[in-house]
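The block underneath contains the structure these notes are about, expressed in structure tokens.
In this note's numbering, the protein residues as written are 2 to 201.
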């Protein structure tokens, strides 16, 4: 793939781009959290309109957890019962309450890794087992032999960061980022539905 790697784009992103990148990863994984398609809209609205991020986060978390207290990594694997679901819950639990660049960069980076791992776990096509084909390698630009679901997720992550890197994009850039994420959420919801039918 030409252009900067995903790792480079995250390293260069500003606060708004980092928040949108992490939020988009979480948005695409909503089917694993049991949330409706609109549950993260308060956070998207906060980014677009400059509203209170912490208040929007509280609303979204309450909708997804029933108001239960949730710290990063606070869900036990026994309670969740599935690695992909566990990763999605950890993404939600780790959302920074304050929009500081340092915290958002750490969160966005972790969300990027988790979302790619989730897609790798759910893909019916193997993504390879060697170091060359690891999630780390994908994020650094080594993309040979990627499975289809992982390749599509990587493209979406890169596209969203590219959209938000344009300082003049404004709310239009966020809308396009949300559109990209919505497409990915629909894909993952279909994958999860097929998986559940297979289990049944």
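Cβ atoms here follow ideal geometry from the backbone N, Cα and C, with glycine treated the same way. Note that the structure is predicted; figures quoted are calculated from it, not measured.
Among the options, nearest to residue i - alpha-carbon criterion
i: residue 5; options: 151, 183 and 162; result: 162
i: residue 113; options: 135, 196, 61 and 158; result: 158
i: residue 111; options: 88, 147 and 51; result: 88
i: residue 190; options: 13, 14 and 38; result: 38
i: residue 118; options: 94, 103, 105 and 83; result: 83
i: residue 91; options: 178, 123 and 34; result: 34
Whole-angstrom distance between residue j and residue i, CA atom to CA atom
i: residue 80; j: residue 86; result: Any reading at residue 80 must be qualified, since the residue scores a pLDDT of 37, below 50, and its modelled position is unreliable; the value itself is stated next. Residue 80 and residue 86: Cα-Cα distance of roughly 10 Å.
i: residue 121; j: residue 65; result: 24 Å
i: residue 41; j: residue 145; result: 33 Å
i: residue 172; j: residue 44; result: 14 Å
i: residue 175; j: residue 198; result: 34 Å
i: residue 13; j: residue 141; result: 14 Å
i: residue 17; j: residue 156; result: 19 Å
i: residue 105; j: residue 95; result: 10 Å
i: residue 7; j: residue 160; result: 10 Å
i: residue 63; j: residue 153; result: 30 Å
i: residue 151; j: residue 139; result: 9 Å
Where residue i falls: helix, strand or coil (DSSP)
i: residue 28; result: helix
i: residue 15; result: coil
i: residue 96; result: coil
i: residue 135; result: coil
i: residue 37; result: coil
i: residue 125; result: coil
i: residue 46; result: helix
*asked:* Can you confirm whether the region 172–189 touches the region 24–44 when touching is taken to mean that 3 or more C-beta pairs between the two stretches lie within less than 8 Å?
replied: Touching, yes.
*Do three or more CB pairs link the region 48–60 to the region 92–112 at distances below 8 Å?*
The answer is yes - the region 92–112 touches the region 48–60, with three or more Cβ pairs under 8 Å.
_When you compare the region 153–167 with the region 9–27, are there three or more beta-carbon pairs, one atom per stretch, that lie closer than 8 Å?_
A contact exists between the region 153–167 and the region 9–27.
_Entirely enclosed alpha helix (DSSP H) segments - the region 143–198, minimum 4 residues_ = Counting whole runs of 4 or more residues, the region 143–198 contains the alpha helix (DSSP H) stretches 149–166.
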